[in-house]
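**Q** Would you mind keeping the following structure in view while I ask a few things?
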Amino acid sequence: RARETAKKDQLRARHRLGKFLLRRGLRAAAGVKSWTTKHLLWVKTLRFEHVAQEVTFLDYLHEVEHAAERVTRLDQAIDQAIESAPTEMRALIAGLQALRGIKKVSAATIVAEAGPLSRFARPKQLMGYSGMVSSENSTGSSVRRGAITKTGNAHLRRIVGEAAWAYQYRPAMSPVLKKRQEGLSEEVKEIAWKAQHRLCSRYRRLMAKGKLRQKVVTAVGRELLGFIWAIGIQVENEQRDRTKEHRRVA
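Going by this note's numbering, the sequence shown opens with residue 161, and the numbers climb by one from there.
Listed below in structure tokens is the structure:
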């Protein structure tokens with residue numbers, strides 16, 4: 161959660177500096193993406209004639225750099241926490257990274273917020289825990305579904321919502337994703353691959369119906385929780401079988 165706060169602070173610091181530059185008509189060259197190393201090198205070359213502007217600029221730049229350093233420190237702390245975590249937790253974090261859109265920090269956040277996924281008897285319970293289920297208004301025999309309840313775990317809901325955006329693209333295995341899946345069981349990889357096909361298809365189908373993009377992503381995120389649950393159960397079963405095997409051999 162500290163990292164989540166740090167990322168928000170980083171975003172605000174970048175917005176302040178970016179708007180300061182835009183108000184003065186300053187933009188990086190075409191093709192230079194914002195906040196990349198190349199972009200920051202360009203920013204650091206800027207100078208202003210008025211002292212007040214120069215002081216303000218340097219203060220905003222310092223905030224951006226300080227926020228980036230803070231995020232880096234927290235990322236390192238998360239890495240250390242994962243390394244010292246119990247075997248079962250490390251295995252679950254690794255397994256969840258088989259899913260597109262879920263990297264180490266996201267996987268660690270899901271595990272920290274949800275705990276052992278076997279405590280949820282069904283995927284819908286995990287969806288309810290995250291607050292990503294639709295609200296209902298019942299009148300007699302009719303039932304109308306409304307917006308998501310948002311009464312569950314906001315941190316889990318945010319992480320899953322961010323990951324859901326990855327499924328707007330067609331199914332593919334990037335080198336980075338293949339690297340994350342190294343050492344995982346074929347069963348876990350199969351669940352992750354099925355998720356790509358299922359969720360991409362759902363995203364495109366809902367968009368074709370004219371649904372609002374944010375509502376579509378929320379629907380995809382809700383279904384993504386089902387695949388997260390499936391991988392969690394699979395990994396826990398594998399860990400249980402491995403423990404039994406070790407005891408038998410011993």
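For glycine and all other residues, C-beta sits at the position ideal for the given N, C-alpha and C.
Please give me, in chain order, every unbroken run of the alpha helix (DSSP H) with length at least 4 that falls completely inside the region 242-269.
**A** With a minimum length of 4 residues, the continuous alpha helix (DSSP H) runs that stay inside the region 242-269 are 247-256.
**Q** Let me know the secondary structure DSSP gives Val-395 once reduced to three states.
**A** Within the sequence shown, residue 395 is the residue found at index 235, counting from 1. Helix at Val-395.
**Q** How should Leu-218 be labelled, buried or exposed, when 16 other C-beta atoms within 10 angstroms of its C-beta is the threshold for buried?
**A** Translated into the one-based positions of the sequence shown, residue 218 becomes position 58. Exposed, because fewer than 16 other Cβ atoms sit within 10 Å of the Cβ of Leu-218.
**Q** Looking at the secondary structure, which residues open and close the alpha helix (DSSP H) in which Ser-290 lies?
**A** Numbered from its first residue, the sequence shown carries residue 290 at position 130. Here the alpha helix (DSSP H) through Ser-290 covers 283-290.
**Q** Let me confirm a value: Arg-365 is counted as buried when at least 16 other C-beta atoms fall within 10 Å, else exposed. Which label applies?
**A** If you number the sequence shown from 1, residue 365 lands on position 205. Exposed, because fewer than 16 other Cβ atoms sit within 10 Å of the Cβ of Arg-365.
**Q** Which whole-angstrom value is the C-beta distance of Arg-368 and Leu-259, which I expect to be below 8 Å?
**A** Position 208 of the sequence shown, counted from the start, is the residue given in the question as residue 368. Position 99 of the sequence shown, counted from the start, is the residue given in the question as residue 259. Position check: residue 368 holds Ala in this sequence, whereas Arg was assumed. Not confirmed; about 24 Å, so no contact.
**Q** If you draw a straight line from the C-alpha of Ser-302 to the C-alpha of Val-293, how long is it?
**A** Position 142 of the sequence shown, counted from the start, is the residue given in the question as residue 302. Position 133 of the sequence shown, counted from the start, is the residue given in the question as residue 293. With a pLDDT of 49 at Ser-302, under the threshold of 50, the modelled position of that residue is not reliable, and no figure is offered here.
**Q** Cα-Cα, which of Ala-166, Glu-209, Ala-274, Glu-214 is closest to Leu-177?
**A** Position 17 of the sequence shown, counted from the first residue, corresponds to residue 177. Per the Cα distances, Glu-214.
**Q** Any idea what DSSP makes of Ala-188, helix, strand or coil?
**A** As a first step, residue 188 is located in the sequence shown; it is residue number 28 there, counting from the start. Looking at Ala-188 - three-state DSSP - the assignment turns out to be coil, as it is neither helix nor strand.
**Q** Using a Cβ distance threshold of 8 Å, determine whether the region 181-189 contacts the region 197-216, with at least three qualifying pairs required.
**A** They touch, by the three-pair rule.
**Q** Suppose the cutoff is 7 Å on Cβ atoms and the five residues either side in sequence are ignored; what does the same chain contact list for Ser-250 look like?
**A** Translated into positions along the sequence shown, residue 250 becomes position 90. According to the sequence displayed, residue 250 carries Arg and not Ser. Correct list, in chain order: Ile-242.
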